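These notes concern the structure reproduced below.
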Amino acid sequence: MGRHARRVPFFRTAVIVAGTTAAVHTLAAGACVAALSSGGTTGSDSHTYAAARTTVTARATVAARTAVAPLSVGTSPVPTPTTPTTTPSTTTPSTTPAASASGSAGPGGEPRNAAPPAPKVLRFVEEIVSLANTEREKSGCGPLRPDTRLRKSAQKHADDMAGRDFYAHESPEGRDAGDRITAAGYSWSAWAENIHRGPKTPRKAMEDWMKSAGHRRNVLNCAFEDIGVGVTLTSDGPWWVQNFGATR
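Counting the sequence shown from 1 gives a position; our numbering is that position plus 11.
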């Protein structure tokens, strides 16, 4: 799909401890990922922000190949923060995850194609929430509550990416999800974001996220309480955004 089909995506993990930044490029759990493609152009990305004196940011990108390629895990380990109590966990809550976001600054663009029927979008949103809570139940986490403010921030980013044809957590102006979530009126102590493009169904989008360590970590972080989902349909396929949050 345009320039996106030519991109080589990667998992990027940045760990910031006491003002010192360490960055690692690997595959899957903080690594370069060759993604599963569902017929069309596919990509997914996750971004988590945790803070308490230690800030952990995780970003994952899954992009399209002409054929389905398996996820591969790199050999480089992800560095462990010096204060382990603040490290987010995939299945158990971290002490206080703090926000990290991918956001859309400036005016959000309109989708390249006609807006899809609202009932279909709402059905997709509800199904993503239901699928996420099913996965959390398997891991012993409580259900995420749909939140209209997080829904607003997620939909804004889905519309912006589709309208301006970019695929990233940060907008071209450098704004991230934390900016959007705050602007939507959600007072967070922690947040995370997953994005994806291409899968035609909520189930396929969720399957791709759950096969990627970074995205799975966000879905199964028991510290998160709320969720908002954005879906924008275009002729190139849907653009998907999940925003997770915990209030102060």
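All C-beta atoms in this analysis are idealised placements derived from N, C-alpha and C, irrespective of residue type, glycine included. In this text, all values refer to a predicted model and were calculated from it rather than measured experimentally.
DSSP three-state assignment for residue i, whether helix, strand or coil
i: H226; result: helix
i: P130; result: helix
i: S141; result: helix
i: R160; result: helix
i: H180; result: coil
i: G241; result: strand
i: T258; result: strand
i: A201; result: strand
i: R214; result: helix
i: R208; result: strand
i: Q253; result: strand
i: G117; result: Bear in mind that the predicted position of G117 carries a pLDDT of just 35, short of 50, making it unreliable; the figure below should be weighed with that in mind. G117: coil per DSSP, three-state reduction.
i: G196; result: coil
i: D170; result: helix
i: F235; result: coil
i: T91; result: Annotation note: pLDDT 29 at T91 (below 50); position unreliable, no value reported.
i: D190; result: helix
i: D247; result: coil
Supposed contact pair residue j and residue i - C-beta distance, whole angstroms, cut 8 Å
i: E236; j: A203; result: About 12 Å; that fails the 8 Å criterion.
i: A4; j: H207; result: No statement about residue 4 is possible, as the shown extent of the chain runs from 12 to 259 and does not include it.
i: V252; j: E146; result: The Cβ separation is near 17 Å, so there is no contact.
i: R259; j: S198; result: 5 Å
Distance CB(residue i)-CB(residue j) smaller than 8 Å
i: G266; j: G248; result: Only positions 12 to 259 of the chain appear in this structure, which leaves residue 266 out of reach.
i: A217; j: I139; result: For clarity, residue 217 is Met in the given sequence; the question names Ala instead. Yes; because the gap between Cβ atoms is below 8 Å, this pair is in contact.
i: D171; j: S182; result: yes
i: N144; j: P154; result: yes
i: A11; j: T245; result: The displayed coordinates of the chain run from 12 to 259. Any statement about residue 11 would go beyond what the structure contains.
CA nearest to the CA of residue i, picked from the options
i: V136; options: R228, T245, N254 and G241; result: G241
i: K215; options: R162, L142, P130 and I192; result: L142
i: F255; options: L244, S246, A234 and T243; result: A234
i: R156; options: H226, T193 and G239; result: G239
i: N232; options: G151, F177 and K211; result: G151
i: A224; options: Q166, P213 and N205; result: N205
i: R134; options: R191, L161, R228 and T212; result: T212
i: R162; options: E148, V132, K149 and G185; result: V132
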